[in-house]
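Read through the structure below, which is laid out as structure tokens, and then see the notes.
Chains as they are written, first to last, in this note's numbering: chain E, 3 to 113; chain C, 62 to 169.
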């Protein structure tokens with residue numbers, strides 16, 4: 003099944019904890035992303051990697067650290083979680099001239 | 062800078078009525094425009110790309126460079142079209158910038 007997959011689907015944790023979200027794509031795309039969708043449904047890019055190299059880093063707190071072990075994987079690690087980090091995080095991949103293909107999302111709830 | 066504006070946060074129509082979701086963009090170069098749809102609690106799905114000029118699920122969108130618009134249209138809305146619709150722009154970099162989305166509700 004060709005797709006972008008991410009785990010876990012739901013993540014509930016306490017403030018101050020550290021957590022990771024994993025993403026994998028088997029589409030053979032060179033570029034991967036992390037997007038954040040907030041409670042108002044706004045979508046904002048966080049990071050983009052091209053062939054394991056960071057190419058886009060929007061104004062995201064240093065507590066968020068992406069890691070790309072290979073071009074098919076882009077994981078997101080979040081340190082010292084805060085209430086405001088609660089959101090849905092989408093992983094995505096693309097290969098021009100195609101569009102961007104999204105994973106199913108990880109709903110993070112920080113208590 | 063890349064910017065996408067979707068002026069309507071909410072749009073409500075009756076089944077069978079025409080629907081138009083507006084999208085305007087700002088970009089100095091030659092943009093790639095997309096429409097994405099997100100059904101309740103699901104992933105975003107690519108609906109249309111301007112370069113392919115295709116029709117998906119009865120939706121079409123035409124890029125108007127003079128008006129910097131890429132409005133999404135469907136002549137006869139269906140209840141299953143109810144969803145969030147996002148217009149998106151990709152400029153020179155790989156960054157895909159989204160509008161704030163329009164929630165479409167099709168009433169029976």
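Even for Gly, the Cβ is constructed at its ideal location relative to N, Cα and C.
- Proximity of the region 90-97 of chain C to the region 139-154 of chain C meets the contact definition, three or more beta-carbon pairs being nearer than 8 Å.
- Apart from sequence neighbours up to five positions away, the residues of its chain that approach residue 63 of chain C with a beta-carbon distance below 6 Å are 88, 150, 152, 158, ordered along the chain.
- At a C-beta separation below 9 Å, residue 114 of chain C has no neighbours in chain E, since its nearest C-beta there lies roughly 13 Å away.
- A straight-line Cα-Cα distance of about 22 Å links residue 129 of chain C and residue 164 of chain C.
- Of all alpha-carbon atoms in C/73, C/81, C/113, the one lying nearest the alpha-carbon of residue 133 of chain C is that of C/81.
- Beta-bridge partners assigned by DSSP to residue 25 of chain E: E/8.
- Taking 7 Å as the cut-off, the beta carbon of residue 83 of chain C is found no closer than this to the beta carbon of residue 169 of chain C.
- Pairwise C-beta distances place the region 74-91 of chain E in contact with the region 30-40 of chain E, as three or more of them are shorter than 8 Å.
- Along the region 103-136 of chain C, the positions whose C-beta sits under 8 Å from a C-beta of chain E are 103, 104, 105, 106, 107, 110, 112, read in chain order.
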